[in-house]
Amino acid sequence: MQIQELEEALSRRNTNPTQSPEYKTLQSDVYERNKELEMMRTAHARVKKQLSEKSGELDHCQKRLDVLEEEVYSLRKRVEELKKELTTREDEVDMRNNQIRKLQRTLDECSEQNETLQAQNSSLELRLRQRTDAMFNPAQRRGLSDGESDEE
1 MQIQELEEAL
11 SRRNTNPTQS
21 PEYKTLQSDV
31 YERNKELEMM
41 RTAHARVKKQ
51 LSEKSGELDH
61 CQKRLDVLEE
71 EVYSLRKRVE
81 ELKKELTTRE
91 DEVDMRNNQI
101 RKLQRTLDEC
111 SEQNETLQAQ
121 NSSLELRLRQ
131 RTDAMFNPAQ
141 RRGLSDGESD
151 EE
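In terms of the numbering used here, the sequence shown opens at residue 1 and continues consecutively.
Written out as structure tokens, the structure reads:
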């Protein structure tokens, strides 16, 4: 029996392994897997390229964001400066308006005083004229003397 087994084993070895159905099935599987591996490599390369592009876009957007944040910061700082300047200017305007009102009151008081003094002046001029006329006109002088005594 051993001889027979050895002969069979020897005949199996001598047969061409490429002719067996198992070999063809394995070869077909290897071909399919190699094809699948190549598709995976292609897909991987495409995804890697997309990742690189998106990373570049992200870097660009990040730099733009940094620039915009700096711009926003400087604009906010400028707004604060303008607010302070506006407050200062409003205070100046209020102060000047107060000065204007004060000067207007003073002007009104001076105008009133001027009108009063003009009225007094007119009254005094009239009295002076009447007395001067009375001194030079004896008829009026008598009437003034009577009128003066009534007033006094």
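C-beta atoms are modelled at their ideal positions from N, C-alpha and C, and glycine is treated no differently.
Straight-line Cα distance separating residue j from residue i
i: E57; j: E81; result: 36 Å
i: N97; j: E109; result: 18 Å
i: Y31; j: V47; result: 24 Å
i: L86; j: V72; result: 20 Å
i: Q62; j: L51; result: 16 Å
i: V67; j: K102; result: 52 Å
i: A43; j: E36; result: 10 Å
i: R124; j: S111; result: For the record, residue 124 in the displayed sequence is Leu; it is not Arg. Going by the C-alpha atoms only, they are around 19 Å apart.
i: E104; j: A119; result: Glu is not the amino acid found at residue 104; the sequence shown has Gln there. Straight-line Cα distance between these residues: approximately 22 Å.
Neighbour-count burial assignment, residue i, 16 or more Cβ in a 10 Å radius
i: M135; result: exposed
i: S149; result: Low local confidence applies: a pLDDT of 48 at S149 is under 50, so the model's placement there is unreliable, with the coordinate-based value given in what follows. Counting Cβ neighbours within 10 Å, S149 comes out exposed, since fewer than 16 surround it.
Uninterrupted alpha helix (DSSP H) stretches inside the stretch 88-143 (no shorter than 4 residues)
none
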